[in-house]
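Numbering (the working numbering), first residue to last: 14 to 147. We treat Cβ as the ideally placed atom computed from N, Cα and C, and that holds for glycine. Because the structure is a prediction, the values reported are computed rather than measured. Just below is one structure, and these are the notes that go with it.
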């Protein structure tokens, strides 16, 4: 998944990895990436919720905020950090990570641990649906 690069999702998509996935979900992921890169990191809490984990970035610059489709949602639809997702849910979850440096989002990376077929991309799109154009 690393290193993070601006437009990383576009590179992944260009490779054809997700060619058989739903076009609406892909559009949602692309729009969210475009809308979020360069924005203040506080928008993540507003449009996604609480990260399941925050760790140091592998390059030593900033932090990586991870959000998982296995996380519980609050009444407002945003993700909650607690309760922690169960191991069996984490194993097949979609995880979207954001590299944050100097308070700004610098990259977005998507890992769908359950694979991309069978409509599983919907779990990824659901994480960032509220972050793109409304």
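Have a look at residue i and residue j and give me their C-alpha separation to the nearest angstrom.
i, j, result
"residue 125", "residue 137", "7 Å"
"residue 57", "residue 63", "8 Å"
"residue 53", "residue 112", "12 Å"
"residue 135", "residue 40", "11 Å"
Considering only C-alpha positions, which residue in the set the options is nearest to residue i?
i, options, result
"residue 76", "134, 67, 62", "67"
"residue 99", "54, 44, 65", "65"
Can you look up residue i in the DSSP assignment and give me helix, strand or coil?
i, result
"residue 61", "coil"
"residue 142", "helix"
"residue 9", "For the chain, the structure presents residues 14 to 147; residue 9 sits outside this window and is missing."
"residue 74", "coil"
"residue 95", "coil"
"residue 100", "helix"
"residue 43", "helix"
Suppose the cutoff is 7 Å on Cβ atoms and the five residues either side in sequence are ignored; what does the same chain contact list for residue i look like?
i, result
"residue 102", "83"
"residue 48", "144, 145, 146"
"residue 116", "53, 54"
Here's a check: name, in chain order, each residue in its chain whose Cβ is nearer than 6 Å to the Cβ of residue i, leaving out the five neighbours to either side.
i, result
"residue 139", "none"
* Asked: Can at least three beta-carbon pairs, one atom from the segment 104 to 120 and one from the segment 76 to 87, be found at a separation below 8 Å?
  -> yes
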